[in-house]
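I have placed the structure first, in the form of structure tokens, so that the comments after it can refer back to it.
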Amino acid sequence: MSENIAQLEIKALTSGYGEIQVLWGIDVGISAGETVCIIGSNGVGKSTLLRTISGIVKLTGGSITLDGVSLNNATPEDVLSAGIVHVPEGRRLFSAMSVRDNLLMGAYLRKDKSAIQDDLEYVYHMFPILAERRRQDAGTLSGGEQQMCAIGRGVMGRPRYLMIDELSLGLAPRAVDLLFEALHNINQSGVAILLVEQDVMNALEFADRAFVVDQGKIIVSGNADEVAANPLVQEAYMGVV
Amino acid sequence: MKKIAIFVAIVALLALPYFGNNYIVRLATVMMMYSVLALSWNFIGGMAGYPSFATAAFFGIGAYVGAILQANGIFFGAAWFAAGLIALIFAAIMGRAILHLRGHYFAIASLVMVEVLREVVNTNDQITGGGMGMNIPILKISVEASGMLFYYSMFVVALLTLATASWVYHSKLGFGFRCIQQNEAAANMLGVDSTKYKTIAFSLSAVFVGMAGAIYASWVNYIEPPDVFDIFLTIKPVVMVLLGGMGTVFGPIIGAVAFLALEEIVWRNFLTIHSAVLGLLIVLLVLFLPKGALFFDYRQFFRGRKK
Numbered sequence: 008m009s010e011n012i013a014q015l016e017i018k019a020l021t022s023g024y025g026e027i028q029v030l031w032g033i034d035v036g037i038s039a040g041e042t043v044c045i046i047g048s049n050g051v052g053k054s055t056l057l058r059t060i061s062g063i064v065k066l067t068g069g070s071i072t073l074d075g076v077s078l079n080n081a082t083p084e085d086v087l088s089a090g091i092v093h094v095p096e097g098r099r100l101f102s103a104m105s106v107r108d109n110l111l112m113g114a115y116l117r118k119d120k121s122a123i124q125d126d127l128e129y130v131y132h133m134f135p136i137l138a139e140r141r142r143q144d145a146g147t148l149s150g151g152e153q154q155m156c157a158i159g160r161g162v163m164g165r166p167r168y169l170m171i172d173e174l175s176l177g178l179a180p181r182a183v184d185l186l187f188e189a190l191h192n193i194n195q196s197g198v199a200i201l202l203v204e205q206d207v208m209n210a211l212e213f214a215d216r217a218f219v220v221d222q223g224k225i226i227v228s229g230n231a232d233e234v235a236a237n238p239l240v241q242e243a244y245m246g247v248v
Numbered sequence: 063m064k065k066i067a068i069f070v071a072i073v074a075l076l077a078l079p080y081f082g083n084n085y086i087v088r089l090a091t092v093m094m095m096y097s098v099l100a101l102s103w104n105f106i107g108g109m110a111g112y113p114s115f116a117t118a119a120f121f122g123i124g125a126y127v128g129a130i131l132q133a134n135g136i137f138f139g140a141a142w143f144a145a146g147l148i149a150l151i152f153a154a155i156m157g158r159a160i161l162h163l164r165g166h167y168f169a170i171a172s173l174v175m176v177e178v179l180r181e182v183v184n185t186n187d188q189i190t191g192g193g194m195g196m197n198i199p200i201l202k203i204s205v206e207a208s209g210m211l212f213y214y215s216m217f218v219v220a221l222l223t224l225a226t227a228s229w230v231y232h233s234k235l236g237f238g239f240r241c242i243q244q245n246e247a248a249a250n251m252l253g254v255d256s257t258k259y260k261t262i263a264f265s266l267s268a269v270f271v272g273m274a275g276a277i278y279a280s281w282v283n284y285i286e287p288p289d290v291f292d293i294f295l296t297i298k299p300v301v302m303v304l305l306g307g308m309g310t311v312f313g314p315i316i317g318a319v320a321f322l323a324l325e326e327i328v329w330r331n332f333l334t335i336h337s338a339v340l341g342l343l344i345v346l347l348v349l350f351l352p353k354g355a356l357f358f359d360y361r362q363f364f365r366g367r368k369k
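Top to bottom, those sequences are chains L and R. Sequential numbering of the first sequence, starting at 8, is according to our numbering. Sequential numbering of the second sequence, starting at 63, is according to our numbering.
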């Protein structure tokens, strides 16, 4: 897909924390139903980008628009209501609450009770282990199960764009495969996915398009297979010399 | 079962003044007051997880607002109500200012509220009487009748607080509080407006305490700053909630009753060292019932501990 039909459009975005500027002019566009991954090493601003889109960190310049509507000054609630859901790094579950309550928290802003129930069944169907452990405290789940719960919680917000920060961090390869498969299914149901990932191989295999971030800027972008073939990316992230 | 128990308890408490002597009625009034304080603290401390030490500030505000209004000829019921309202507004404004602090820092900021208010009241002696204290007009009814009046008034405020606590606990609001308590960053991401919610929790922890403070002032007829801005009024509710069970609906009441019973027994038997004995008991209770009485595993206890 080409960038000029992008619906979630990020242009010349700058942002940071207080005096420290992290993003130095990011341009990213995502169309409905697409899968996009953002790769790059530690501390280059990938998470900050997601946090800025979801309104937790205020942008200092540039623009974020969804279907032409500006989200520059949006609060996290506005962003959520607009259909952009952020699954944060490190899962951030409510560890002393049950799995079911955690999932329901994802639908906190929604008022359509019966549809929420349907979505809960959908998540249980997607991750049967969560159905089995619905009464258990989320803190007692394994890492992979917690990530499932976090993604399920994201799905409960009925996103059009699902942003996931570090899907595979610290998880067993088997769990990672399962999660990517689930993401694929979520994408098939029409949800666009913006994935931030350090596992470059898996991410490029999964996504349609990719952006490489370095020092707060996009240095390479394009279709995932092109990016994967880029010598710079091969050298820096895949260990190909 | 639970509903029957609550019903029986309410009927028993309603009938209490007709059977008990003045001492019992006085003790029961204190019990109601403690319940209000503990239930109120539970909103901010137990449910939302912010360790507030401001209870005494709200109590003192309530007491002084009630006293000043009554001294100016306002009907006592209206004065009590206004006291709760002023405490609520004060908490909402202060909450905006200090609720961005977390943990110890929030605790210290809320504690400072008590100290500052005490000094403010101390120095504004034109309105408050300063260190000389303030007299509240005595109601022209018999001792028994006024005892009953204050008992039933505290009872109504306690019931109101309990009803609010129960409603909040089961509502979306309470769900939001618990999420903030566990992971504020995640709660924010899911669309919980944490600033607003924390301010609501803090205000809820003030309104009924303000009313109780005003009723207390009318009840004892004389207040002075160290009496109503007493740091123990801040500490005791925390201990009660810890005893009963944090973040639950009935835990604070169980804690308040248990604390009052301990206080009375210890006070009677260890007159000179009662604070030390009470402190020791609290340490033991917290060590052996870390989650509060509501979470005590009775079955396991009677069966004997199994590994």
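We put the beta carbon where it would ideally sit given N, CA and C, even for glycine.
Those residues which DSSP pairs with residue i across a bridge
i, result
"threonine 21 of chain L", "L:Trp31 and L:Gly68"
"isoleucine 37 of chain L", "L:Leu15"
"glutamate 204 of chain L", "L:Ile46"
"arginine 216 of chain L", "L:Val43 and L:Asn230"
"isoleucine 390 of chain R", "As displayed, chain R neither begins before 63 nor continues past 369, which places residue 390 of chain R out of reach and without an answer."
"methionine 196 of chain R", "R:Ile285"
"serine 77 of chain L", "L:Thr72"
"alanine 199 of chain L", "L:Tyr168"
"aspartate 221 of chain L", "L:Lys224"
Residue-level contact to chain R via CB, residue i, 8 Å cutoff
i, result
"methionine 112 of chain L", "yes"
"methionine 170 of chain L", "no"
"phenylalanine 101 of chain L", "yes"
"proline 180 of chain L", "no"
"glutamate 84 of chain L", "yes"
"tyrosine 244 of chain L", "no"
"glutamate 10 of chain L", "Residue confidence is low: glutamate 10 of chain L scores 43 on pLDDT, short of 50, so the model does not pin down where it sits. Its coordinate-derived value is still stated next. Cβ-Cβ to chain R under 8 Å: no for glutamate 10 of chain L."
"valine 30 of chain L", "Per the sequence shown, the amino acid found at residue 30 of chain L is leucine instead of valine. Answer no: the Cβ-Cβ gap between leucine 30 of chain L and chain R never drops below 8 Å."
"isoleucine 91 of chain L", "no"
"aspartate 71 of chain L", "Checking the sequence shown, residue 71 of chain L turns out to be isoleucine, not aspartate. Chain R, which has no Cβ nearer than 8 Å to the Cβ of isoleucine 71 of chain L, makes this no."
"methionine 104 of chain L", "yes"
"leucine 116 of chain L", "yes"
Cutoff 8 Å: residue i Cβ touching any chain L Cβ
i, result
"glycine 253 of chain R", "yes"
"asparagine 250 of chain R", "yes"
"glutamine 244 of chain R", "yes"
"arginine 164 of chain R", "no"
"alanine 110 of chain R", "no"
"threonine 261 of chain R", "no"
"alanine 355 of chain R", "no"
"arginine 367 of chain R", "Here arginine 367 of chain R scores only 49 on pLDDT, less than 50, and its place in the model is too uncertain to base an answer on."
For residue i, the first and last residue of its enclosing alpha helix (DSSP H)
i, result
"tyrosine 167 of chain R", "165-185"
"lysine 53 of chain L", "53-60"
"glutamate 212 of chain L", "207-213"
"leucine 343 of chain R", "336-350"
"lysine 202 of chain R", "Segment: none, lysine 202 of chain R is in no alpha helix (DSSP H) and carries neither H nor E."
"isoleucine 158 of chain L", "150-162"
"aspartate 172 of chain L", "Segment 168-172 is the beta strand (DSSP E) holding aspartate 172 of chain L; no alpha helix (DSSP H) there."
"glycine 128 of chain R", "117-133"
"glutamate 286 of chain R", "Segment: none, glutamate 286 of chain R is in no alpha helix (DSSP H) and carries neither H nor E."
"tyrosine 131 of chain L", "120-133"
"proline 113 of chain R", "Per DSSP, proline 113 of chain R belongs to no alpha helix (DSSP H) and is neither H nor E."
"aspartate 144 of chain L", "Run containing aspartate 144 of chain L: none; DSSP gives neither H nor E here."
"lysine 298 of chain R", "294-306"
"isoleucine 160 of chain R", "138-160"
Boundaries of the beta strand (DSSP E) in which residue i is found, first to last residue
i, result
"threonine 42 of chain L", "42-46"
"histidine 93 of chain L", "91-94"
"leucine 78 of chain R", "Counting along the chain, leucine 78 of chain R falls outside any beta strand (DSSP E), though it belongs to the alpha helix (DSSP H) covering 64-81."
"asparagine 230 of chain L", "224-230"
"aspartate 108 of chain L", "No beta strand (DSSP E) contains aspartate 108 of chain L, which is instead part of the alpha helix (DSSP H) from 106-112."
Check: residue i C-beta below 7 Å from any heavy atom of the ligand HEM
i, result
"leucine 78 of chain L", "You won't find the ligand HEM in this model; it holds no ligand whatsoever."
Contacts of residue i in chain L (Cβ-Cβ under 7 Å)
i, result
"alanine 247 of chain R", "Arg99"
Partner residues on chain R for residue i, Cβ-Cβ distance less than 8 Å
i, result
"proline 95 of chain L", "Ala247, Ala248 and Met251"
Chain R contact residues for residue i, given Cβ-Cβ distances below 9 Å
i, result
"glutamate 87 of chain L", "The sequence given here has leucine at residue 87 of chain L, not glutamate. Chain R residues near leucine 87 of chain L: Met251, Leu252 and Gly253."
- Query: In the segment 223-242 of chain R, which residues sit with their C-beta less than 8 Å from some C-beta in chain L, listed in chain order?
  - Reply: Those residues of the segment 223-242 of chain R that come within reach of chain L (Cβ to Cβ, closer than 8 Å) are Lys234, Phe237, Gly238, Arg240 and Cys241.
- Query: Going along the chain, which residues of the segment 44-66 of chain L sit with their C-beta nearer than 7 Å to a C-beta in chain R?
  - Reply: From the segment 44-66 of chain L, only Ser61 and Ile63 have a Cβ closer than 7 Å to chain R.
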